[in-house]
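The sequence shown begins at 1 in the UniProt record's numbering and counts up one residue at a time. Even for Gly, the Cβ is constructed at its ideal location relative to N, Cα and C. Here the structure is a predicted model, which means the values were calculated and not measured. Working notes, beginning with the structure itself.
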Amino acid sequence: MDDLQFGTRNKRGDWAPNEPAGTAPLFSFPPRPLAVLKWLPHYFLPNNLLFALTAVVWWRYVLPDVETMKTLSVGWILRLFLVNCAALLVFFGAFELRLYILKAQGNRFKYNGKWPSEQRNKAFFFENQNIDNMLRTFGTGMPIWTAIEVAILYAYANGYVPWLTVAEHPAYLFLLALVVPIIHETHFFLLHRAIHWGPLYKWVHSVHHNSVNPSPWSSLSMHPVEQLGYLGVAFWHLIIPSNPLLALYQLHYAGFGAIPGHVGFDKVELTEDKSVDSHAYIHYLHHKHFEVNYGDGLIPFDRWFGTFHDGSKEAAARMDARYEKKKARANAAAAK
């Protein structure tokens with residue numbers, strides 16, 4: 001495919017789409033019913049449906065019976081951990097292999113013209129972004145992922161929280177399943193905004209932002225505190241009446257679903273004339289500019305709070321003006 005039909009490339013080799021990034025029309029005012037109907041298939045396909053199906057697969061083929069989950073034993077917990085690691089290795093690794101190792105589509109649709117493997121940085125373990133990202137993902141991310149999963153399953157199995165069944169509450173649980181992405185977006189925005197507060201950014205979130213040029217393994221490369229907060233979105237299903245299968249879906253939505261925003265390409269080519277949109281641009285702009293796009297655009301939080309950046313020159317001007325005001329306030333405070 002010719003990516004220059006869809007965007008432009010600057011002298012550094014960075015590619016940007018012609019169309020500015022947009023947010024979902026779900027919460028537009030005034031309402032846009034036709035736009036919502038046109039957008040609705042993207043709410044389910046491909047990612048949401050995929051992550052929901054993985055939860056069903058885990059429930060059916062990976063997890064032990066409820067009686068076994070009433071007891072914390074090494075056997076089933078270790079098996080779950082190994083399956084989680086293997087699944088993530090295959091899923092994230094497929095993107096890494098095709099786009100960054102084999103470079104199957106070259107730099108077509110790649111936001112940042114440089115390749116992480118060619119850049120050394122002392123901020124990373126062994127000065128290598130990929131090694132650092134993988135060590136953080138599997139060293140702390142997957143143990144935390146599995147610990148959250150085990151805690152939730154253990155709580156449900158022992159009756160510490162209400163377990164609503166599909167037979168008794170089909171409509172409610174169906175609606176709750178539809179709201180899983182909205183729960184994720186709200187949780188993510190609030191957490192993300194909080195960890196951009198100075199001290200938390202310095203000690204926690206800066207680890208993730210070391211990957212200015214994100215790639216698939218950057219997705220869950222975070223400080224353990226951030227990993228716990230991010231993946232902990234599944235704990236909401238211990239607070240609201242729910243079902244363990246939906247809690248599993250919520251966890252998979254966060255874990256496996258971290259990759260779209262970090263894949264580094266606007267489109268993933270399938271054939272010479274067909275591709276799949278990654279919807280990564282909004283979050284890529286966050287990695288590039290730091291103080292914009294704290295959410296992913298499902299709910300227009302950033303529009304409401306004045307931190308949205310759609311990649312346009314007008315958005316860049318608004319961002320620069322906001323930076324100048326922030327700098328002026330800091331200088332005024334320092335002068336007192």
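DSSP-derived helix/strand/coil call for residue i
{"i": "residue 217", "result": "helix"}
{"i": "residue 76", "result": "helix"}
{"i": "residue 128", "result": "strand"}
{"i": "residue 146", "result": "helix"}
{"i": "residue 16", "result": "strand"}
{"i": "residue 7", "result": "strand"}
Residue i versus residue j - alpha carbon distance
{"i": "residue 26", "j": "residue 279", "result": "16 Å"}
{"i": "residue 49", "j": "residue 153", "result": "22 Å"}
{"i": "residue 214", "j": "residue 76", "result": "34 Å"}
{"i": "residue 32", "j": "residue 38", "result": "10 Å"}
{"i": "residue 74", "j": "residue 11", "result": "55 Å"}
{"i": "residue 260", "j": "residue 211", "result": "15 Å"}
{"i": "residue 317", "j": "residue 307", "result": "12 Å"}
{"i": "residue 56", "j": "residue 326", "result": "47 Å"}
Burial state of residue i, where buried means 16 or more other Cβ atoms lie within 10 Å
{"i": "residue 242", "result": "buried"}
{"i": "residue 175", "result": "exposed"}
{"i": "residue 46", "result": "exposed"}
{"i": "residue 90", "result": "exposed"}
{"i": "residue 144", "result": "buried"}
{"i": "residue 5", "result": "exposed"}
{"i": "residue 178", "result": "exposed"}
{"i": "residue 198", "result": "exposed"}
{"i": "residue 208", "result": "buried"}
Own chain partners of residue i with C-beta closer than 6 Å, once the 5 adjacent residues on each side are dropped
{"i": "residue 66", "result": "157"}
{"i": "residue 13", "result": "113"}
{"i": "residue 161", "result": "155, 238"}
Contacts around residue i, its chain only, beta-carbon distance under 8 Å, and the 5 residues preceding and following it disregarded
{"i": "residue 319", "result": "289, 291, 292, 309"}
Residues of its chain near residue i, where Cβ-Cβ distance is below 7 Å and the 5 sequence neighbours each way are ignored
{"i": "residue 138", "result": "85"}
{"i": "residue 140", "result": "224, 227"}
{"i": "residue 189", "result": "294, 295, 301"}
Closer than 6 Å: residue i CB and nearest the ligand NAP heavy atom
{"i": "residue 298", "result": "By its list of ligands, the structure shown contains no ligand whatsoever, and the ligand NAP lies outside what it can speak to."}
Checklist entry - What are the start and end residues of each continuous alpha helix (DSSP H) run of 4 or more residues lying completely inside the UniProt domain "Fatty acid hydroxylase" (178-307), in chain order? => result Taken in chain order, the complete alpha helix (DSSP H) segments of 4 residues or longer contained in the UniProt domain "Fatty acid hydroxylase" (178-307) are 206-209, 224-231, 244-255, 281-289, 301-305.
Next on the checklist: What ranges does the alpha helix (DSSP H) occupy inside the stretch 92-130, keeping only unbroken runs of at least 4 residues that lie completely in it?
Outcome noted: Under the rule that a run must span 4 or more residues, no alpha helix (DSSP H) segment is found entirely inside the stretch 92-130.
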